[in-house]
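Keeping their order, the protein sequence lines are chains A and B.
This note's numbering numbers the first residue of the first sequence as 79 and each following residue consecutively.
This note's numbering numbers the first residue of the second sequence as -16 and each following residue consecutively.
C-beta: ideal position from N, C-alpha, C; glycine also.
Structure first, then comments.
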Amino acid sequence: MSNTQNNLEKLQNQKYKYGFTSDIETESFPKGLSEDVIRKISSIKNEPKFMTDFRLKAYKQFLDMEAPTWANVDFPKIDMQEIIYYSAPKTKISKDSLDEVDPEILKTYSKLGIPIEEQMRLEGIAVDAIFDSVSVANTHKKALAEIGIIFCSISEAIQEHPELVKKYIGTVIPSSDNYFATLNSAVFSDGTFVYIPPNTKCPLELSTNFRINTEGSGQFERTLIICDENSYVSYLEGCTAPAFDTNQLHAANVELIVMKNAEIKYSTVQNWYAGDENGKGGIYNFVTKRAICQGDNSKVSWTQVETGSAITWKYPSCILKGDNSIGEFYSVALTNNLQQADTGTKMIHLGKNTKSTIVSKGISAGRSDNTYRGLVKIGPNAANARNYTQCDSMLIGSKCSANTTPYIEVSNNTANIEHEASTSKISEDQLFYLNQRGISTEDAISTIISGFCKDVFKELPGEFAAEANQLMALKLENSVG
Amino acid sequence: MKSNQDSIKFEESIIRTASKQDIENSSIKDLKKKALEFISSNSFPNKKNEEWKYYDFKDLFSNSSNIFSDTETFRQEALDKKELVMLVDKYVFRESSENLIVTVNGVYREDLSNFNNNDIEISNLSNCKSDQLIDTDSSSKDQYLRSLNTLFIENAFFIKVAKNKKIDKTLQVLHISNQNSFNQIRSAIEIAEGSSLDMVISYVGLEDSSYISNAVIDCHLAKNSNLNFTKIQNDSSNSVTLYSLDVKQDKDSNFDFNSFHFGAKSSRDQITVDLNGTNSNANLNGLYVVNQSRKTHQIITVNHNVERCTSKQLFKGIISDEARAEFNGMIEVKKNAKLTDAKQLNNNLLLSPKAHIDSRPQLNILTDDVKCAHGSTIGQLNEEELFYLQSRGFNKSDAFVTLTYSFCQEILNKIKLDSVKNYATNLAFNNISTDSNGALAKLANNDKFKKSRYAKNLK
């Protein structure tokens, strides 16, 4: 197996491709969190009073909260005063034309593989790019506006559609929800806002790219997507950050609201900087994502590919309130070196005939820890609820760990719940079989991994699936011995 | 924070009662002092503890406030001997009448036991070797319950099977509880190298007595030994039971555990198996059939500490009326435990609209060369199966009972002795059948069922 070993080492030594920093003048607040900082963020953004109040209320609640410790992740206590809460490129940006965007930023995005100009022309995907704390470019806005779809940064939405923001913000994730979500509610700097009017099928895949650039800054973005009756939208999210030796905090809130007969498909390919092989640096990815199926026959589908971050701690959840509503969760979480991931979902069944599906694939390599933690809760009125859960883990090497911690709480006797899980490794037999047929060990490993993740990747939109496959191969090179 | 106050009240009454005890004259005064120290400086587990997350402390605290309300009569007069002998006669299994150990309200009673086997050594609290009363394991998850047991323990029994002896007669341990008291059951079972033992442990309580029993049992299986341990819990409907079983297994040993839960207002089992020797095997099976407003909690941990061990957990539950059940199973595969093969499965039948189940099948795996799988299902009887039986002449409730029985038969069949099997089967039926017609009526009213093509045939 020495050949494999070599390949593995090569793979593990693969440098983080997106670890560069961009030399752009930014305007940052000094480090620290206080009521003043929050008021300042709010006033820079020229927010109406209800937003300032929303932030301050969250901040007051935050002061009484303690960081949770129940997750199976280990990190030093984060000093909230050591974080820069606002950082923005200095150049004034007009969102209508790309000509005025700082060319450095555009260069950064093309390095990331998202040349925004191209996206403008490329039919099918509309992109909102978020750089540090603010949204820098937003494509296809006009075309979308013609059919009534609002796709813009949340700051813009607060200015232009305050009634919608006021009505929905904080309804799925209340400001006192949890430590990191509350912090986000107080200090969030920007994010994406999408509103799909009734009877509209969004013709494009909407997409956001997040990039943390400034060292020591935290990124707190907030995404709010509302899909009105009989509508459909598919939304993609990608994340990268430069390689710094210090840990950076990313605490985002994502709220999805799905009305009657509507559907939201939310896909994430998360590849934040994971730290080096000794676990130095990397992003703390503490994200609260929650969707509510408000109306009957609504559907939410979460797909996530989590390959980056020093620590991932997120549970995209579905509250299935409407009758016949459907929640889906497809996840691949890959950890290598000293990465830690504690991720899963919550399916809360409240309405009748609600259905949920959970497919979670965890791959741990190196000295990493990978935990699936999920809740399936069937309320007393959720007659004929149905859940199917499958969580498989694959261990690569003997120093990593894979944990499965499901919670199943059922209060209705007409519910049907199935949960199954298995743990396996890439066996030498499988590798030998593929080798025998002329496939190199490295290709054999990616073939096996891509087979293992197939159930999830097939849920990703077109090119993202291909990208995810490549990403997995890249991340795992040289980890089977 | 009412529950918090109740908890403090409970702890206070423990310490108050303990201080009235004559600890100085006890044969294990050092251990009792240590236990008192532990209890004074620690608090009773609460909901923040993952293993107690779903536990309803209300039943425990309400029983305890009755028991402790008059500390002078903490231990009342037990039934007279004649009545006890009649009770023992009622509950002893035919095959075990010569191999019987009896405790009454937690106290080991040599006078009621009937035991005659030279290969098994039985000792009590005053003549046991001090290391038999394992109490020093501070890493134990249930240290509080253990200390509580040590603090109030009056008499206990310790079983030791000599080397290379295959005991062919099943040993029965009968625990009788008949008064409102806080019972401390304690025993330790040591199976020496190359030996094997079959045990049936039955718990019975006089109806209407609202006691709390706190059992602590330690088993050690030496190299190449075998223990078959069947537990049948049929405590009084007003009782609260806490049960901690710790099993340590050496090389090539085999442990079969069958646990049955039918009684008690609230029962909680914490079972921990440590596979410490290579090639050891543990089979844990359980069946809980709960109705009315009973609650049962099964907290099972299997630690694979060394390589090449196997374990299986199969727990089934039938929950009706307003009963609640919890299954919390954990497989821990430690760093060097290569070639582990571990399985865990939990199946539940919910028969009434207000029945509730919390199921948590968990895996913690720290090495790669293992085979681990777990699963959990929650559902109700299959309409098509019910219809099939009815189309062949079964009436509604017979079809219902037949299907429910076949669900639990897999576990009941693990019992070796016929008399024990019949006893357990009857108890299971008692707990199911009270609601059978009700459950069926509810099924017939189910919206989905009404629409199905079978509904009209049911009328």
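Item to check | Closer than 9 Å at the beta carbon, the chain A residues around B/VAL273 | outcome: Going along chain A, no residue has its Cβ under 9 Å from B/VAL273, so there is no contact; the nearest lies around 13 Å.
Item to check | With 16 other Cβ atoms within 10 Å as the buried cut-off, status of A/TRP391 | outcome: buried
Item to check | Proximity of B/ALA308 and B/ILE340 at Cβ, strictly below 8 Å | outcome: yes
Checklist entry - In chain B, which residues lie less than 9 Å from A/PRO126 when you measure between Cβ atoms? => result Within 9 Å Cβ-Cβ: nothing; A/PRO126 doesn't reach chain B, min ~39 Å.
Next on the checklist: Can you check which of these residues, B/VAL90, B/SER219, B/ASP233, B/ASN288, is closest to B/LEU204 by C-alpha distance?
Outcome noted: B/ASP233
Item to check | Inter-residue Cα distance where the pair is A/SER253 and A/PHE132 | outcome: 8 Å
Checklist entry - Tell me the DSSP bridge mates of A/TRP380? => result A/TYR344, A/PHE407
Checklist entry - If contact means a Cβ-Cβ distance below 8 Å, which residues of the region 493 to 507 of chain A contact chain B? => result ALA493, ASN494, ILE495, GLU496, HIS497, GLU498, ALA499, SER500, THR501, SER502, LYS503
Next on the checklist: Under 8 Å, with one C-beta from each stretch per pair, do the region 123 to 140 of chain A and the region 369 to 377 of chain A reach the 3-pair mark?
Outcome noted: no
Next on the checklist: For A/LYS358 and B/ASP42, what's the separation of their Cα atoms in angstroms?
Outcome noted: 50 Å
Checklist entry - What first and last residue would you give for the beta strand (DSSP E) that runs through A/THR385? => result A/THR385 -> no beta strand (DSSP E), and no H or E assigned at all.
Checklist entry - Tell me the DSSP bridge mates of A/ASP529? => result Sequence inspection shows Gly at residue 529 of chain A; the Asp mentioned does not correspond to that position. A/GLY529 pairs with nothing; no bridge assigned.
Next on the checklist: So, does the region 184 to 192 of chain B touch the region 205 to 218 of chain B, judging by three or more C-beta pairs under 8 Å?
Outcome noted: yes
Checklist entry - When you check each C-beta in the region 336 to 356 of chain B against every C-beta of chain A, which residues fall closer than 7 Å? => result PRO336, ALA338, HIS339, ILE340, ASP341, SER342, ARG343, PRO344, GLN345, LEU346, ASN347, ILE348, LEU349, THR350, ASP351, ASP352, VAL353, CYS355, ALA356
Item to check | CB contact below 8 Å: B/SER276 versus chain A | outcome: no
Item to check | Terminal residues of the beta strand (DSSP E) in which B/ALA320 lies | outcome: No beta strand (DSSP E) contains B/ALA320, which DSSP labels as neither H nor E.
Next on the checklist: Is A/ILE526 close to chain B? Criterion is C-beta to C-beta, closer than 8 Å.
Outcome noted: no
Next on the checklist: Looking at chain A, is there any beta carbon in it that lies within less than 8 Å of the beta carbon of B/LEU258?
Outcome noted: no
Next on the checklist: If distances are taken between C-alpha atoms only, which option among A/ILE504, A/THR346, A/GLN237, A/ASN415 comes closest to A/GLN382?
Outcome noted: A/THR346
Checklist entry - What residue does the alpha helix (DSSP H) around B/ALA18 start on, and which one ends it? => result 12 to 24
Checklist entry - Taking only runs of the beta strand (DSSP E) that begin and end inside the region 253 to 282 of chain B, which ones reach a length of at least 3 residues, in chain order? => result 264 to 273
Next on the checklist: Does A/ASN490 pass the burial test, meaning 16 or more other C-beta atoms within 10 Å, or should it be called exposed?
Outcome noted: buried
Checklist entry - Using a beta-carbon distance below 8 Å, is A/MET550 in contact with chain B? => result no
Checklist entry - In the DSSP assignment, what are the bridge partners of A/SER438? => result A/SER409, A/CYS469
Next on the checklist: Check this for me: beta carbons of A/GLY316 and A/ASN363, under 8 Å apart or not?
Outcome noted: no
Item to check | Any 3 or more C-beta pairs closer than 8 Å across the region 13 to 20 of chain B and the region 124 to 139 of chain B | outcome: yes
Item to check | Boundaries (first-last residue) of the beta strand (DSSP E) holding A/GLY484 | outcome: With the sequence shown as reference, residue 484 of chain A is identified as Pro, and Gly is not the correct amino acid for it. Its beta strand (DSSP E) spans residues 479 to 488.
Checklist entry - What are the residues that DSSP puts in a beta bridge with B/PRO344? => result B/GLY312
Checklist entry - In this structure, does DSSP put B/ASP381 in helix, strand or coil? => result helix
Next on the checklist: If distances are taken between C-alpha atoms only, which option among A/LYS433, A/TYR408, A/MET143, A/ILE247 comes closest to A/ASN23?
Outcome noted: Residue 23 of chain A lies beyond the stretch modelled for chain A, which goes from 79 to 559, so this question has no answer here.
Checklist entry - Is the beta carbon of B/HIS287 sitting closer than 8 Å to the one on B/THR323? => result yes
Next on the checklist: Taking beta-carbon pairs under 7 Å, can you tell me which members of the region 291 to 308 of chain B lie near chain A?
Outcome noted: none
Item to check | Best match in B/ALA171, B/PHE44, B/SER9, B/LYS326 for proximity to B/SER(-10) [C-alpha to C-alpha] | outcome: B/PHE44
Checklist entry - Are the beta-carbon atoms of A/LEU261 and A/ALA329 separated by less than 8 Å? => result yes
Next on the checklist: Quick check on A/PHE258: buried or exposed, where buried means 16 or more other Cβ atoms within 10 Å of its Cβ?
Outcome noted: buried
Next on the checklist: Using only the alpha-carbon positions, how far apart do A/GLU537 and A/TYR408 sit?
Outcome noted: 8 Å
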